[in-house]
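To start, the structure under review is shown below, and the notes come after it.
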Amino acid sequence: MEKWLIKSASTDFSTLGKTQNEKILYRIIANRGINSEEDLNEFLNPDLSKLHSPESMADMDRATDILINSLENEEKIRIVGDYDVDGIMSTYILYKFLSGESSNIDYQIPHRITDGYGLNVDMVADAIKDGVNLIITCDNGISAFDAIDLAKSNNIKVIVLDHHEPKISEDGMTQVLPNADAVVDPKRDDCQYPFKGLCGGAIAYKFVDHISLILGYEEGEIVREYLEFAAIATVCDVMDLIGENRIIVYNGLKLLNNTTNLGLKTLIKTAEINDKTLDPYYLGFVIGPMFNASGRLDTATKGLELLLEENVKRASLIALDLKNLNQERTKLTKDGLELFIKEIESMKLFEDKVIVAYVPEIHESIA
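Counting from 1 along the sequence shown, just add 54 to a position and that's the residue number in this note's numbering.
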């Protein structure tokens, strides 16, 4: 008979617990590497005051100066996002905020199949034709070397807001960054920002928060308006819920459960969870897949349009469309799995230790 052994941490907070359950809870916390009472307090009380200043992020001040200059000169600004939940939320945060500052703001989310991931040369060609002066990428851009070079050679400024790993040089010794005017990515080797695990939505939130204070917004105003979207992005991009991510999600969920965003409220109702207290499960397994389905089977722009919608009837129609797309995605996944199993069975591969199969009938956004 197997015997379970409880991991013993060097730090033991079990003496703080009054009941047996509390003692077990504190031991679990210690086993997670929380080894001081200060860390314990931060873990149990994820306060917004513990968020780090955006100013310590490499190129944050430079990006802010470029954007404010573009706003003051009434330049045309285009936001380029991504087709997953993080990309949708990042684009929403930036567009919603900046469209309140200028009428010369638009956005573009690449189509998963026809465009592929992130900013590309065709999108830059469109920006040149449309007279765009500044491109801001969010949740992408760190690897868009050719597209950014094309933009720069046509006098278009580029701000990259990303959280993915930068490219490594051929000798494996250094990072190589794109030739953008500003590259805000906490995974830059030269970035002194203390927390490296932010998603794209959280970086967009930090960027907007930093700009808002310079533009004279009230402290906390951006939190109330956008933190819930950074929380959705964090959970749905499967970021570790530690450090700042835990603070963002903990406080974002409070706002989300009382959201004033018509699109979100409508989607929650359409998903039939409006009587629930939303937690990371509902974000990751109910709300998130509905947004993701639009980017997989249609266009992620549909998810963004829902968040921006102010008409009740139109919001209901978009929310229902997202629900139907997700149901279709679920069916395609189930059907694809059955096809895959049949392929494996027909080739008698079940006893192989590694199985690689190609089934052309499976939709490329499902596989």
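Ideal Cβ placement from N, Cα and C applies to all residues, glycine included. Computed from a predicted structure; not experimentally measured.
Which residue's Cα is closest to the Cα of residue i: the options?
i: Gly251; options: Thr320, Met111, Glu275, Thr191; result: Met111
i: Lys130; options: Ala347, Leu188, Lys77; result: Leu188
i: Leu351; options: Gly195, Leu371, Asn378; result: Asn378
i: Asn158; options: Asn127, Ile147, Leu173; result: Asn127
i: Val186; options: Asn194, Ala205, Asp333; result: Ala205
i: Ile222; options: Trp58, Glu405, Cys245, Ser197; result: Ser197
i: Ala179; options: Val230, Glu155, Val366, Asn208; result: Asn208
i: Ile213; options: Ile322, Gly274, Ala234; result: Ala234
i: Asp216; options: Gln246, Thr168, Gly172; result: Gly172
i: Val413; options: Ile398, Ile88, Phe404, Asp406; result: Ile398
i: Asn85; options: Glu109, Leu59, Pro108, Pro100; result: Leu59
i: Asp101; options: Ile296, Glu405, Tyr304, Arg368; result: Tyr304
i: Gly297; options: Thr320, Lys388, Tyr247, Leu321; result: Tyr247
i: Glu418; options: Gly349, Thr313, Val175; result: Gly349
i: Asn174; options: Ala354, Ile327, Asp239, Asp200; result: Asp200
i: Cys290; options: Asn328, Val340, Gly195; result: Val340
i: Tyr424; options: Leu105, Ser90, Gly154, Lys57; result: In the structure as shown, the chain begins at 55 and stops at 421. Residue 424 is therefore absent and cannot be evaluated.
How would you write the range of the beta strand (DSSP E) that residue i sits in, first residue to last?
i: Leu188; result: 188 to 192
i: Val134; result: 131 to 134
i: Asp329; result: Looking at the DSSP string, Asp329 is not in any beta strand (DSSP E), and its letter there is neither H nor E.
i: Tyr149; result: Segment 139 to 152 is the alpha helix (DSSP H) holding Tyr149; no beta strand (DSSP E) there.
i: Asp160; result: 159 to 162
What residue does the alpha helix (DSSP H) around residue i start on, and which one ends it?
i: Ile302; result: 297 to 310
i: Tyr412; result: Counting along the chain, Tyr412 falls outside any alpha helix (DSSP H), and DSSP gives it neither H nor E.
i: Tyr80; result: 74 to 85
i: Tyr280; result: 275 to 290
i: Ile395; result: 366 to 400
i: Ala117; result: 114 to 126
i: Leu362; result: 355 to 362
i: Leu105; result: No alpha helix (DSSP H) holds Leu105; DSSP gives it neither H nor E.
i: Asn95; result: 91 to 98
i: Phe345; result: 342 to 351
i: Asp169; result: Where Asp169 is concerned, there is no enclosing alpha helix (DSSP H), given that its DSSP letter is neither H nor E.
i: Ile182; result: 175 to 183
On the CB-based measure, 16 or more other CB atoms within 10 Å of its CB, does residue i come out buried or exposed?
i: Ala411; result: exposed
i: Ser124; result: buried
i: Arg242; result: buried
i: Phe345; result: buried
i: Phe261; result: buried
i: Phe151; result: buried
i: Ser400; result: exposed
i: Ser103; result: exposed
i: Phe283; result: buried
i: Glu342; result: The residue asked about is misnamed: residue 342 is Gly in this sequence, not Glu. The residue is buried, with at least 16 neighbouring Cβ atoms inside 10 Å.
i: Thr331; result: exposed
i: Thr384; result: exposed
i: Gln74; result: exposed
i: Thr118; result: buried
i: Val277; result: buried
i: Lys211; result: buried
i: Ile268; result: exposed
i: Ile78; result: exposed
i: Lys431; result: With the chain covering only 55 through 421, there is no way to say anything about residue 431.
i: Met227; result: exposed
i: Gln381; result: exposed
i: Leu318; result: buried
Give the C-beta separation of residue i and residue j to the nearest angstrom, bearing in mind that I take them to be a contact with Cβ-Cβ under 8 Å.
i: Ala285; j: Gly306; result: 2 Å
i: Ile416; j: Gly390; result: 4 Å
i: His264; j: Met114; result: 6 Å
i: Ala181; j: Arg116; result: The Cβ separation is near 21 Å, so there is no contact.
i: Gly338; j: Gly254; result: Not a contact, Cβ separation roughly 16 Å.
i: Leu361; j: Tyr146; result: 5 Å
i: Ile202; j: Leu148; result: Actually they are not in contact, since the Cβ atoms of Ile202 and Leu148 sit about 18 Å apart, beyond 8 Å.
i: Ala369; j: Thr320; result: 4 Å
For a test of your reading of the model: does the CB of residue i fall under 8 Å from any non-hydrogen atom of the ligand SAH? Yes or no.
i: Met344; result: For the ligand SAH, the structure offers nothing, since it holds no ligand at all.
| request: Kindly provide the ranges of any beta strand (DSSP E) runs that are 3 or more residues long and lie completely inside the stretch 191 to 256, ordered along the chain. | output: 211 to 215, 236 to 238
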